[in-house]
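Residue numbers (the working numbering): 143 to 338.
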């Protein structure tokens with residue numbers, strides 16, 4: 143089984159599926175039975191933060207300049223997941239990917255992020271919906287028959303907080319693709335110089 147949980151899945155420039163063209167997906171869960179991820183670079187116009195706050199009965203919404211609600215994927219569009227920094231935790235409803243990015247799916251995290259006067263995580267992003275793959279489906283999309291990575295659908299790279307919280311969403315795809323290309327070039331160059 144591939145080790146991709148807590149990593150980015152990035153659509154290759156040759157991605158044929160228009161729903162995932164230029165997508166950057168955080169793989170939230172990857173097991174033998176299924177995989178789940180969140181798109182982090184496709185904002186939605188509705189629902190707004192204010193509408194989500196109203197739905198969850200959050201009293202007074204903090205002003206959130208440059209804060210977006212992201213289309214996490216086509217499954218479970220009534221589900222809200224918050225990606226956030228590790229300075230806030232909600233027990234069993236918090237998933238820890240690394241020391242920089244966690245995710246929670248509770249009213250408590252929404253209140254902490256959005257309600258005026260309540261202290262929440264320093265950085266956060268709300269996703270509605272999620273991407274899902276059935277057992278073995280993601281591996282089939284990633285691996286060719288010979289076990290090597292395919293070249294027509296997805297790239298993978300480590301998760302980092304700057305991509306999720308610090309970078310403009312419009313730049314996330316291009317910058318992660320460039321990062322993967324640079325990492326691959328460095329590996330090839332290092333291998334070539336070691337074998338001489």
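Glycine residues also receive a C-beta, built at the ideal position from the N, C-alpha and C atoms. These numbers come from a predicted model, not from an experiment.
| query | result |
| --- | --- |
| Residue 268 and residue 224 closer than 8 angstroms at C-beta | yes |
| Alpha carbon of residue 180 to alpha carbon of residue 326, nearest angstrom | 25 angstroms |
| C-beta contact flag for residue 271 and residue 191 at 8 angstroms | no |
| DSSP-derived helix/strand/coil call for residue 295 | coil |
| Euclidean distance between Cα positions of residue 262 and residue 275 | 32 angstroms |
| Boundaries (first-last residue) of the beta strand (DSSP E) holding residue 218 | 217-226 |
| Candidates 167, 199, 311, 255, of which the one nearest residue 146 by Cα | 167 |
| Beta-carbon proximity list for residue 304, same chain, < 7 angstroms, skipping 5 on both sides | none |
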